[in-house]
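Protein chains in written order, with my numbering: chain A, 16 to 167; chain B, 104 to 370.
What follows is the structure in structure tokens.
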């Protein structure tokens, strides 16, 4: 059973995942990427759907009812230039990693922290692979310069 | 009134007598001096009790540090083999950077151990080494193995996955939320290492997600094998092909109770 503070933190994480899910869905629908690149967008979209749903299941009646609109709007705007797709997604995934990790510092439930950990481990892989589409700079694939979003 | 036959009565008496003899042999008799000259049933040499081995945050962090040193030692051994040539030439810089990351992780983890009042642990986990790394390196460096370079990368990939899984796994066991976040911060970088090495082993964007070998039906190495961080054992296939063409597969598992670095363990 989650306490109220943990529920709020997880709902914040879920709202972020809903925003990321919708960003990937927009890019898939837009059709500017094809072949293997489109397959990667679809793969990552499916992962964020899974994250949002798993958080929804854990939160039950306290689940988020809407995405983080601020993140969605800012990211959507940045994606208006098709050449920026991968750099923007890299920043988005790195922000998710930083934000979820910061949330774990405040979450009391070990089970909830464990779920977030399993999500972060794969979002970090997303970031590393997206980075290889942006640059050959190894440091950019390994280091996370993103700042965590302010949690409630 | 119960009916007991004479034969049953005799058998019960014999059983009681035998039990009495056994009990007498096990215990000391009153008034008899024990000079220790005759061994008795039930006497055993005294033993030294094992120290209490508590699994706490310090133990979990010390274990994580030990894995970092396994990784540092493995990359040092890999670089020493001089096998990163030709198509694998870029692996030298990758291995150096990853080794540096593991040293930074070890320093960070040991700093947390000290902050908790624990004793830092700055050497490799011998059980992980004995069970997985030494056998793998023996198979890889076998003179009949034609794929030493790529097998070294496969070993590094398995080790990075092992490290990532270990950090992910301890999140649920660590009691302090701040330490859980620290574990994730390090573990997520191990995940990035694993994803990049997977691309060396099975390159191309088509190999980022799960794919399968058309002949064997077995899953190929993927940079992003699933939606969530795995906690299953890690398959590592290395070494020279056997007569039937197959190669040895080792199964790596994250540290368990017999491979944790308890507080009484030192390098």
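Yeah, the Cβ is synthetic: ideal placement off N, Cα and C, and Gly gets one too.
Starting from residue i, follow its DSSP beta bridges and name the residues at the other end.
i, result
"residue 126/A", "Answer is none; residue 126/A lacks a bridge partner."
"residue 322/B", "315/B"
Closer than 7 Å, CB to CB, is residue i near chain D or not?
i, result
"residue 287/B", "Protein chains in the displayed structure are A and B, and chain D is not among them."
Spatial neighbours of residue i within its chain, please: CB distance less than 8 Å, with the 5 preceding and 5 following residues excluded, ordered by chain position.
i, result
"residue 204/B", "292, 296"
"residue 216/B", "161, 164, 165, 168, 222, 223, 224"
"residue 279/B", "160"
"residue 74/A", "17, 22, 25, 26, 29"
"residue 329/B", "313"
"residue 368/B", "165, 224"
With residue i as the anchor, note down where its beta strand (DSSP E) starts and where it stops.
i, result
"residue 337/B", "337–341"
"residue 314/B", "Element bounds for residue 314/B: n/a, residue is neither H nor E."
"residue 80/A", "Unbroken run through residue 80/A: none, as it is neither H nor E."
"residue 105/A", "Unbroken run through residue 105/A is the alpha helix (DSSP H), 100–119; no beta strand (DSSP E)."
"residue 354/B", "351–355"
What does a CB cutoff of less than 6 Å around residue i pick up in its chain, not counting 5 residues either side in sequence?
i, result
"residue 261/B", "337, 339, 355"
"residue 72/A", "none"
"residue 208/B", "171, 289"
"residue 351/B", "242, 342"
"residue 361/B", "none"
"residue 20/A", "none"
Near residue i, what residues of its chain come up, given a Cβ to Cβ distance below 7 Å and the 5 sequence neighbours on each side ignored?
i, result
"residue 23/A", "167"
"residue 220/B", "none"
"residue 179/B", "202"
"residue 173/A", "The structure shown does not extend to residue 173/A, since chain A is modelled only from 16 through 167, so no value can be given for it."
"residue 316/B", "323"
Which residue comes first and which comes last in the alpha helix (DSSP H) that contains residue i?
i, result
"residue 282/B", "280–304"
"residue 265/B", "251–274"
TODO: Would you list, in sequence order, the uninterrupted alpha helix (DSSP H) runs of no fewer than 4 residues that lie entirely inside the region 140–164 of chain A?
DONE: Counting only unbroken stretches of 4 or more residues, the alpha helix (DSSP H) elements lying wholly within the region 140–164 of chain A are 153–157, in sequence order.
- [ ] Determine which residues of the region 306–324 of chain B have a Cβ less than 8 Å from any Cβ of chain A, and write them out in chain order.
- [x] Those would be 307, 308, 309, 311, 312, in chain order.
Task: Sequence ranges, alpha helix (DSSP H) only - wholly within the region 175–247 of chain B, length at least 4 - done: Here the runs fully enclosed are 194–218, 237–243.
- [ ] List in chain order: all unbroken alpha helix (DSSP H) runs of 4+ residues lying wholly within the region 21–60 of chain A.
- [x] None, since the region 21–60 of chain A contains no complete alpha helix (DSSP H) of that length.
Task: chain B contacts from the region 59–84 of chain A (Cβ-Cβ distance under 9 Å) - done: The residues in question are 59, 61, 62, 63, 64, 65, 66, 69.
- [ ] For the region 179–191 of chain B, enumerate the residues whose C-beta is nearer than 8 Å to any C-beta of chain A, in chain order.
- [x] Among the residues of the region 179–191 of chain B, none has a Cβ less than 8 Å away from any Cβ of chain A.
Task: Under 7 Å (Cβ pairs) to chain A, residues found in the region 265–283 of chain B - done: Answer set for the region 265–283 of chain B: 267, 271, 274, 275, 280, 281, 283.
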